[in-house]
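Written below as structure tokens is the structure these notes are about.
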Amino acid sequence: MSERELLPTATGKRTRAAVRELLRPRRALALGGLTVLIGATAVGLLTAPLLGHIVDLVAGGSSSFTLPVLALAGVAVVRGAANAWGLSLISRLGEGMLADLRERFVERALGLPLERIEHAGSGDLTSRVTSDVAVIAKSVREALPELGRSVLTIVLTLGALAILDWRFLLAALLAAPIQLHTVRWYVRRAIPLYAAQRVAGGALQHQLLDTVGGARTVRAFRLSAEHVERGRRRSQEAVDLSLRGIRLMTRFFSRLNLAEFVGLSAVLAAGFWLVGAGAATIGVATAAALYFHSLFNPINAALALVDDALAATASLARLVGVADLPGEREPERPAAPVDSSVKAAAVGHAYVPGHDVLRDVDLEISGAERVALVGASGAGKTTLAKLIAGIHRPARGSIVLGGVGLDELGPAGTRRTVALISQEVHVFAGTLADDLRLSSPEATDAELRAALDRVGALHWVDALPTGLSTVVGEGAHRLTVTQAQQLALVRLVLADPPIAILDEATAEAGSAGARVLEVAAGRALEGRTGLVVAHRLTQAAAADRVVVLDAGRVVETGTHEELVARGGRYATLWAAWSDTRHSPS
Amino acid sequence: MPTGRSVLRGAVVGQKRHVGGASLLASAHQGGEALVPVIIGLVIDQAVTTGAADALLRWLAVLAAVFIALSFSYRFASRAAERASEQAAHRLRLDVTERVLDPRGGTEAGRLPGALVNIATGDAKRVGAVNGVLPFAVAGLAGLLVSAVALLRISVPLGLLVLLGTPPLLWLTHVVGRPLERRSGVEQERVAHASGVAADLVSGLRVLKGIGAEAAAVARYRRTSRDSLAATLRAARAHAGHDGAILALTGIFIALVALVGANLAASGDITVGQLVAAVGLAQFLLTPFQIFAWVNGQIAQGRASAERIASVLAAAPAVVPGSATLPAPAAGRIRLRGVTHGSLRGLDLDVAAGELLGVVTTDPAAATQLLECLGREADPAEGSVELDGIPLPELALDDLRGAVLVAAHDADLFEGSLLDNVVAGAARANVDRALVASAADEVAETLPQGTRTVLAERGRSLSGGQRQRVALARALAANPPVLAVHDPTTAVDAVTEARIAGELREIRQGRTTILVTTSPALLAVTDRVVLLGGGTVSAEGTHAELVHADEDYRTAVLT
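Those protein sequence lines, which keep their order, are chains A and B.
Numbering of the first sequence is given in the numbering used here, commencing with residue 282 and proceeding in unit increments.
Numbering of the second sequence is given in the numbering used here, commencing with residue 115 and proceeding in unit increments.
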């Protein structure tokens, strides 16, 4: 298989534009938050000169400190309140933007053509919607306010140093080249290392899921030692990378310590010189030294957040990449189906050019007819089912549903006209009622119960701990494969399309479950045009007509009796099946 | 029997060298950090105020020395702490994995695989993290001591004010922060929920597309996302309020220290430089106390995680192994007497060595329960299961599983190539034949690199029928004296199923095979079939005889 074609990632330019678009309706909020935070920081900076002023008062022999001390306390209260206000404004801004973006992302992701997702692997989409969103959320929640506050503090403190005396600023800036160089040095090494850490962490998680999820199989085949060793290897890799990470980080901080020392010494020396030259008071020199000492934490915090910010930017580009994909294009005047017939004419399809999966398939199904599709694995049954359901577009030929071509029907119209129940079962996490309402959001409880009853699932749903309100899906009440597939059929009944396609919907349930599901499928298909991909030939025998596919072509078509009598391919299949049933040797 | 306490203690003691070294070095670092404001004060006093250049140079040299010491001690403290943390987590991760995979089983009862994996990753990490934070708690204590000594040396009243004032101040911030903890708990839950809903919808995308439910799914996600946003904003406001309150409280405290210090300085009790140092130390002192609060939180988390790990390590085994060994090779005679387990009620069943037996159950649960007893994943409540005359509980589990292989209906494939999966502990010679007999060779032909194609985790890149054939090939390749297979071909088309049936009989010639299935194609090739109804054998004979003679059998197999 060729390289996976991952979903798109936005360019830096496009990402910035997307952020601006998200920002635009919130300009007032952004401006307000920034102003309040700048105010808070500026007020906070009054602390050092006030302390310096007290020092000057002491040095001057005064003993009335009430005013500057009260001012100090006032500064603390105002600063605290303004900070709280500013931070909550900024988080409203960031969180609101993130919520908008993730919602648009999910909307686009669910609207993507399946082909696109299968090419990229659904893991790509899942990791974007979970880990990338989490990375950005963490940044918005922790890094962004911290970074904003630190940068403001640094900028305003440097400004304040300059106000004390421009030479203090010059002294403090001696630290800057070391810091800039350190950050560049660090980022160059950190980004690939953190990427490797994420990969190793994912591989470990993956391996443990594989091993622990399959623990019964591991025990049955006595593979425990081998699987423990696999886990050990993955875990050791993750540990090694993590230790490399801490080595890098501590070297980063050592270099920042050097910058701190250089800056602090320079500011102290400048103070010494300025006081000696009579250009500054001891109080001013004290304030300058305190300013610089109070910069240690914000500078380290801001620099340490650089890689968080880079990671968030990368994640943002991956979200914007998908959120920017064009939505589905509906035809200008979508046509409505006139009946419930299906017509495929000269349909051919290939997933890889040159390897035809279907060739010249003609198939007509009249309204309310039930047709079984039969053939060995790889004959093209599933592909034909997907083409008729409008999930893939045929490479050649045309598909007409209800007398209207798929293009005139449009994506929304196609979805209303045809449903496909595949062998993939998924129970959506949440209550059972919520799961069912995905296919009919307005359905009442009574309608849900009627649909459950129709496919024979009502009795076990009523037996669940809290009936329709039982929470099912990953991590909650676990349904059997048969029950999960019955739910798929209930969703079909609720969606109520005129045409339904069942693809191996009974295959994984085991033989006892398969019988229950065959009955349920029959009930769910009543009143609909049905195309059933059959593995159990009893399903074929019960259909109005049987179509036999072989190597991508229709080789036989007719009623079960006709085909058995014809003695062709279907008759051979039926013999293999029924021999063992009706004329035992 | 491991308990949460013993797991946590073991994690710390196991890394005591690294934890101890890190504590020592981190203390040196904290002490160094505490000295920086003291030196600033000394420079002001002895150099800036007096204009003595040699004093300036002397103290700057001291400052350099302090920076070198604090920088290197931090560097090596962090490394040792991280090593202690990672290694402890690694050890626990392996302990949990080993326990889960232990032949005795018993850890999966009541736990989803995802939850077990979280224990092996997240919880192990949190217990290990205790090793990472302990050194810093020790260091915080050291920093506290250094500052206290420095403060008390400057001035006893001022030192007492700072030392006695700090704990109530931190207690106040803790009180302010309490509602925050609650809110951020709710917030984390909501956020995790929103992320879970999104992942769930994406993984069910094909199902959604099949019934055209994309719009309803988007609407559902939007609701969840808005709920999560509201919770996050509430928590963010609480957080901001908390931060603001801490800023205000510490600021007022510094103002108080300045007031007292200034008065002391004005009356000549302390110098200006000592005043500066005292204010700096008062600010610095907040850090150790914040570290204590943080370490406390981490240890509480670590303790909860250690409990979860201990509950896995201490899980009661599903079966207790015996010690008897089997004569090699095992003949493969199976004998069940009065077995009562789940829906089985006093089941008697004999399987002769080398027999190909079909088992049909009217109740699907009975099939699973019978196989559980055969593979000794569980012991029956009553009755006995024997292999070659030896009761299964007397046998060593490794011997037993080597002799009796139960291939479950939902057996998992693993990440790796198709061939790796089939080989899984089998002799290479058996593999090719097994691939043919299970029609997995046809599966390989459709894959880009044949049998060398790497399968996605748990074989998800294959269709259901393909997975079943590879799993069957693996079971056949293992070539055990007794093989029990459960519904191996439910997702395989009729033509292929017929071919597999014939091959199966061939490849298992002379070895005991129990086919639990209702597929007539498979049952037709068996020597004998038993029908289990009502928990015991209700009919017995060849497939042909039973089809003719037994109404229940016909219902179970032919409809």
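Every residue gets a Cβ at the ideal spot worked out from N, C-alpha and C, and that includes glycine.
Owing to the predicted nature of the structure, the values given are computational and were not obtained by experimental measurement.
Does any residue of chain B bring its CB to less than 9 Å from the CB of residue i?
i                            : result
aspartate 491 of chain A     : yes
proline 618 of chain A       : no
phenylalanine 542 of chain A : yes
tryptophan 366 of chain A    : yes
serine 750 of chain A        : no
histidine 673 of chain A     : no
alanine 291 of chain A       : no
methionine 282 of chain A    : Residue confidence is low: methionine 282 of chain A scores 34 on pLDDT, short of 50, so the model does not pin down where it sits. No coordinate-derived value is stated.
serine 523 of chain A        : yes
alanine 852 of chain A       : no
leucine 287 of chain A       : no
proline 349 of chain A       : yes
Relative to the C-alpha of residue i, which residue among the options is closest?
i                         : options                                : result
threonine 632 of chain B  : B:Arg619, B:Arg613, B:Arg668           : B:Arg668
arginine 189 of chain B   : B:Ala136, B:Val176, B:Asp159, B:Ala223 : B:Ala136
aspartate 209 of chain B  : A:Ile435, A:Gly811, A:Ser505           : A:Ser505
leucine 331 of chain A    : A:Val742, A:Val350, A:Gly341           : A:Val350
threonine 763 of chain A  : B:Val596, B:Ala591, B:Thr604           : B:Thr604
glutamate 871 of chain A  : A:Gly691, A:His816, A:Ile319           : Only positions 282 to 866 of chain A appear in this structure, which leaves residue 871 of chain A out of reach.
glycine 358 of chain B    : A:Trp741, A:Thr698, A:Gly361, A:Thr810 : A:Gly361
tryptophan 285 of chain B : B:Ala445, B:Ala538, B:Leu363           : B:Leu363
serine 310 of chain A     : A:Val359, A:Gly293, A:Thr296, A:Ser372 : Reading off the sequence, residue 310 of chain A comes out as leucine, not serine. Checking every option, the nearest Cα to that of leucine 310 of chain A belongs to A:Ser372.
alanine 327 of chain B    : A:Thr725, A:Ala477, A:Arg525, A:Arg696 : A:Arg696
leucine 437 of chain A    : A:Ala566, A:Asp620, A:Ala323           : A:Ala323
leucine 215 of chain B    : A:Leu327, A:Pro306, A:Leu451, A:Ala496 : A:Ala496
alanine 424 of chain A    : A:Glu376, A:Ala456, A:Leu445, A:Ala452 : A:Glu376
alanine 64 of chain B     : B:Val568, B:Ala558, B:Pro595           : Since the first residue of chain B shown is 115 and the last is 673, residue 64 of chain B is not available in this structure.
threonine 475 of chain B  : B:Leu184, B:Ile153, B:Gly649           : B:Gly649
arginine 514 of chain A   : A:Ile669, A:Gln488, A:Ile459           : A:Gln488
isoleucine 325 of chain B : A:Thr562, A:Thr819, A:Asp777           : A:Asp777
glycine 497 of chain B    : B:Phe181, B:Leu450, B:Ala585           : B:Leu450
glycine 564 of chain B    : B:Asp534, B:Pro431, B:Gln412, B:Val260 : B:Asp534
glutamine 486 of chain A  : A:Gly512, A:Gly314, A:Thr698           : A:Gly512
Leaving out five residues before and five after residue i in sequence, what residues of the same chain have Cβ atoms less than 6 Å from its Cβ?
i                         : result
asparagine 515 of chain B : According to the sequence provided, residue 515 of chain B is arginine. The question's asparagine does not apply to it. Around arginine 515 of chain B: no qualifying Cβ.
glycine 737 of chain A    : Ala801
alanine 592 of chain A    : Val416
leucine 266 of chain B    : Gly273
arginine 197 of chain B   : His132
Please report whether the beta-carbon of residue i lies at a distance below 9 Å from any beta-carbon of chain A.
i                            : result
asparagine 377 of chain B    : yes
phenylalanine 181 of chain B : yes
histidine 132 of chain B     : no
proline 217 of chain B       : yes
leucine 184 of chain B       : yes
phenylalanine 528 of chain B : yes
histidine 353 of chain B     : yes
What is the DSSP secondary structure of residue i, counted as helix, strand or coil?
i                        : result
valine 434 of chain B    : coil
serine 339 of chain B    : helix
leucine 389 of chain B   : helix
leucine 338 of chain A   : helix
glycine 562 of chain A   : In the sequence under discussion, the amino acid at residue 562 of chain A is threonine, which differs from the glycine named in the question. If DSSP states are grouped into helix, strand and coil, threonine 562 of chain A belongs with coil.
histidine 816 of chain A : coil
aspartate 216 of chain B : coil
glutamate 421 of chain B : helix
arginine 610 of chain A  : coil
Once the 5 residues before and after residue i are set aside, which same chain residues still bring their CB inside 8 Å of it?
i                      : result
leucine 760 of chain A : Val708, Val753, Leu768
| request: Ignoring anything shorter than 4 residues or poking outside the segment 502-577 of chain B, list the alpha helix (DSSP H) runs there in chain order. | output: With a minimum length of 4 residues, the unbroken runs of alpha helix (DSSP H) contained wholly in the segment 502-577 of chain B fall at 511-517, 532-537, 542-551, 554-560.
| query | Can you list, in chain order, the stretches of the beta strand (DSSP E) that have 3 or more residues and sit fully within the segment 652-721 of chain A? | reply | Taking only runs of at least 3 residues, the beta strand (DSSP E) segments lying wholly in the segment 652-721 of chain A are 677-682, 699-702.
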